[in-house]
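Student:
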Amino acid sequence: MLELEHYTRRSGEWLLLDATALQDHVSHRFPDKAEMPGLQAGSHPHHVRQWLLASSLFPAKWVNRLFSVGGIKWSGNQIGLLAFPAAVTATDKSYRNLAGRPQSRSAASPPVLYEDDYCLVLNKPAEMPVHAAYEGHAGTLDEAACRHMLAKNDPLPVRHIHRLDDETSGPVLYAKNDLAQWKLDEAMRNKEIDRIYVAVVQGLLRQEKGTVDGPIGKDRHHASRRRVTPSGDTALTTYEKIGQLAGMTIVRLRLETGRTHQIRVHMSHIGHPLVGDTLYGGSSRLLGHQALHGERLVFSHPLTGKLLDVQSPWPDWLKRLSGDTRP
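Going by numbering that gives the first Met the number 0, the sequence shown opens with residue 0, and the numbers climb by one from there.
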């Protein structure tokens, strides 16, 4: 497998590729040289595009888009790709709401769990929405991601790849450029991003592990609620018991599909709503929000393809509720 990171480096807005080394490597995949366009000093960007398309190093859609905006260049033995253009902060949907609005002193910046030139993973606290629900909506995780990039003087167009419910804590993955977004969006569609959660549910689960297989659809009696219904979308959740408390069970869950409120709906469906989840029958006596935390996020890096396993430490509310004393 080609380890692309050894042949590339970022220089400002450009991704620079060592064309000589890459041509040597790629040529081994094309025994018939006629199938592979060649590159030489002075090659026109059109020829560079043809070479990139034939090499299949990057998605064809991305390569063609770069070519259409003059984002492919050739200099010496390097190919330059305009992979990291800065967002236009005055018009970008994620940045424009920050103009003239200082960060609240009481608003702590969510910790960064992982970051490189392509990806950012922020640790979302409970009760912080991922994205704005209306124009001017402040205090979102998207806003925190933009403020983080501005503080680095690197305002890339960060976009969340998946979401968590407002009251759920845990890691949220952001793409920092178009290439990363296309690759990670595709991974989400193909169910190649693994999300593992920990929840505290009401009642004592009898089984050590199990699977809830129940299609989920809208509840016609309640606009914001979902329910298990034969007419819903396929939904599959696996769980295992990892601890037991007085009248409660701690479970680790894995989503095989990604339906709205899936864990909350499925656990309520089997008679064990999440502690604090009043929308689905849970009690708020011990916790003012649903007891659900994203513990791990596993995905392939959009450039290198290497598997990344990003872990989020248990938040204080989960430690307190479960009696866990881990640091």
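Ideal Cβ positions, reconstructed from N, Cα and C, are used throughout, including at glycine.
Here the structure is a predicted model, which is why all the values come from computation and not from measurement.
CA-CA distance, G242 and D184?
Tutor: For the purposes of this step, residue 242 is taken as residue 243 along the sequence shown, with counting starting at 1. For the purposes of this step, residue 184 is taken as residue 185 along the sequence shown, with counting starting at 1. Spanning the two alpha carbons is a distance of roughly 34 Å.
Student: Note down, in chain order, each residue of its chain lying with its Cβ closer than 7 Å to the Cβ of L51, except the 5 sequence neighbours on either side.
Tutor: For the purposes of this step, residue 51 is taken as the residue at position 52 of the sequence shown. The answer, listed in chain order, is F57 and V62.
Student: Identify the residues that DSSP records as bridge partners of K217: which are they?
Tutor: Counting from one through the sequence shown, the residue named residue 217 turns up at place 218. DSSP lists R225 as partners of K217.
Student: Expressed to the nearest angstrom, what Euclidean distance is found between the alpha-carbon atoms of A82 and R8?
Tutor: Sequence index remark: in the sequence shown, residue 82 carries index 83 (1-based). Sequence index remark: in the sequence shown, residue 8 carries index 9 (1-based). So the two alpha carbons sit approximately 11 Å from each other.
Student: Any idea what DSSP makes of P154, helix, strand or coil?
Tutor: In the sequence shown, counting from the first residue as 1, residue 154 sits at position 155. Coil, per DSSP.
Student: Along the chain, where does the alpha helix (DSSP H) that runs through D308 open and close?
Tutor: For the purposes of this step, residue 308 is taken as residue 309 along the sequence shown, with counting starting at 1. Not the alpha helix (DSSP H): D308 falls in the beta strand (DSSP E), residues L306 to Q310.
Student: With a cut-off of 8 Å on the beta carbons, I'd call A86 and P170 a contact; round off their distance for me.
Tutor: Residue numbering aside, residue 86 sits at position 87 when the sequence shown is read from its first letter. Residue numbering aside, residue 170 sits at position 171 when the sequence shown is read from its first letter. In fact, because the Cβ distance is near 23 Å, the residues do not count as touching under 8 Å.
Student: Have a look at A18 and L254 and give me their C-alpha separation to the nearest angstrom.
Tutor: To locate residue 18, count along the sequence shown from 1; it is residue 19. To locate residue 254, count along the sequence shown from 1; it is residue 255. Their Cα atoms are separated by approximately 41 Å.
Student: Does the beta-carbon of E239, which I'm using as the reference point, lie nearer than 7 Å to any heavy atom of the ligand ZN?
Tutor: The model depicted lacks the ligand ZN and carries no ligand whatsoever.
Student: Buried or exposed: where does S321 fall if 16 or more other Cβ atoms within 10 Å of its Cβ makes it buried?
Tutor: Walking along the sequence shown from the start, residue 321 turns up at place 322. Buried, since its Cβ has 16 or more Cβ neighbours within 10 Å.
Student: To the nearest angstrom, how far is it from the Cα of R319 to the Cα of R295?
Tutor: Position 320 of the sequence shown, counting from 1, holds the residue named residue 319. Position 296 of the sequence shown, counting from 1, holds the residue named residue 295. Computed Cα separation, rounded: 20 Å.
Student: Using only the alpha-carbon positions, how far apart do E12 and A98 sit?
Tutor: Here residue 12 is taken as the residue at index 13 of the sequence shown, counted from 1. Here residue 98 is taken as the residue at index 99 of the sequence shown, counted from 1. Taking the straight line joining both Cα atoms gives about 23 Å.
Student: If we require 3 or more residues per run, which beta strand (DSSP E) segments fall completely within the stretch 6 to 83?
Tutor: Listed in chain order, the complete beta strand (DSSP E) runs (minimum 3 residues) inside the stretch 6 to 83 are 7 to 10, 13 to 17, 71 to 74 and 77 to 80.
Student: May I ask which residues mark the beginning and end of the alpha helix (DSSP H) holding A184?
Tutor: If you number the sequence shown from 1, residue 184 lands on position 185. Per the sequence presented here, residue 184 reads as Asp, with Ala not at that position. Start and end: D177 to R188.
Student: If you draw a straight line from the C-alpha of A143 to the C-alpha of E166, how long is it?
Tutor: Against the sequence shown, residue 143 aligns to sequence position 144. Against the sequence shown, residue 166 aligns to sequence position 167. The straight-line gap from Cα to Cα measures roughly 17 Å.
Student: Could you pull out every residue in the same chain whose Cβ sits closer than 6 Å to the Cβ of G202, ignoring the five residues on either side in sequence?
Tutor: Start at 1 with the first residue of the sequence shown, and residue 202 comes out as number 203. Contacts found: H271.
Student: Between the C-alpha atoms of L21 and G216, what's the straight-line distance to the nearest angstrom?
Tutor: Position 22 of the sequence shown, counted from the first residue, corresponds to residue 21. Position 217 of the sequence shown, counted from the first residue, corresponds to residue 216. If I take the Cα positions, the gap works out to 49 Å.
Student: Quick check on DSSP: helix, strand or coil for D323?
Tutor: Taking the first residue of the sequence shown as 1, we reach residue 323 at position 324. In this structure, D323 counts as coil in the three-state DSSP scheme.
Student: Can you tell me the Cα-Cα spacing of K32 and D23, whole angstroms?
Tutor: The residue given as residue 32 occupies position 33 in the sequence shown. The residue given as residue 23 occupies position 24 in the sequence shown. Residue confidence is low: K32 scores 49 on pLDDT, short of 50, so the model does not pin down where it sits. Its coordinate-derived value is still stated next. If I take the Cα positions, the gap works out to 12 Å.
Student: Which residues in the same chain have their Cβ closer than 8 Å to the Cβ of D141, if we skip the five residues on either side of it in sequence?
Tutor: Against the sequence shown, residue 141 aligns to sequence position 142. Taken in chain order, the residues that qualify are S93, V129, H130, A131, V157 and H159.
Student: In this structure, does DSSP put H300 in helix, strand or coil?
Tutor: As a working mapping, residue 300 is identified with position 301 in the sequence shown. Coil.
Student: Check whether the stretch 277 to 295 and the stretch 177 to 197 are in contact - that is, three or more C-beta pairs closer than 8 Å.
Tutor: Yes: at least three Cβ pairs fall under 8 Å.
Student: Three-state secondary structure (DSSP) at E294?
Tutor: Reading the sequence shown from its first residue, position 295 is the one you call residue 294. Correct three-state label for E294: strand.
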